[in-house]
Amino acid sequence: MKKVLSSVGVISLCLSASIAWSQDDLQGILDRHCLACHNAGLAGAPKMDDVAAWAPRLEKDLDALTQTVISGKGAMPPKGTCFSCSDSTLKAAVELMIQPFK
């Protein structure tokens, strides 16, 4: 019985690690956790249509931008309020969010 349980655990771990987020899933995360502030520029958040405000941020690499989201900055709480998001999910969401600036 112990072998069966450990095999099930390994399979579950492999399946959860291999979940790929679709662009629609990531857009939903942005819609729920990021864009309310970034569309309006609330509390100093760079607005999504302000290329100049994003320029210094985009000089950083994706990992650095993601780390800022994970840690939080200013009025932005850690993980941008997506407390159930993994670091890799947040990285994919950040990548989608900055696409218009590339």
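Each residue of the sequence shown is one higher than the last, beginning at 3 in the working numbering. Backbone N, C-alpha and C define an ideal beta-carbon position, used for all residues, glycine too.
Tell me which same chain residues have a C-beta within less than 6 angstroms of the C-beta of residue i, skipping the five on either side of it?
{"i": "A47", "result": "C39 and H40"}
{"i": "F103", "result": "W56 and L60"}
{"i": "G74", "result": "P80"}
{"i": "M50", "result": "H40 and N41"}
Among the residues of its own chain, which have a CB less than 7 angstroms from the CB of residue i, if the five just before and after it don't count?
{"i": "V6", "result": "In this predicted model, V6 has a pLDDT of only 40, less than 50, meaning its place in the structure is not dependable; the value taken from the coordinates is given anyway. If we look at V6 and ignore the five residues flanking it on each side, it has no Cβ neighbours."}
{"i": "W23", "result": "T91 and A94"}
Using the beta-carbon count (16 or more within 10 Å), is residue i buried or exposed?
{"i": "V10", "result": "For V10, the predicted structure reports a pLDDT of 38, less than 50, and the residue's modelled location is therefore unreliable. The matter cannot be settled from this model."}
{"i": "V96", "result": "buried"}
{"i": "A45", "result": "exposed"}
{"i": "L67", "result": "buried"}
In chain order, what residues of the same chain have a beta carbon less than 8 angstroms from the beta carbon of residue i, not counting five sequence neighbours either side?
{"i": "I72", "result": "P80, K81, D89 and L92"}
Please tell me whether residue i has its Cβ less than 7 angstroms away from any Cβ of chain C.
{"i": "A22", "result": "No chain C appears in this structure, which consists of one protein chain only."}
Where do the N-terminal and C-terminal ends of the alpha helix (DSSP H) with residue i fall, by residue?
{"i": "W56", "result": "V53 to L60"}
{"i": "A45", "result": "Per DSSP, A45 belongs to no alpha helix (DSSP H) and is neither H nor E."}
Indicate, with yes or no, if the ligand ADP has a heavy atom lying under 6 angstroms from the CB of residue i.
{"i": "Q29", "result": "Although the ligand ADP was asked about, the structure shown includes no ligands whatsoever."}
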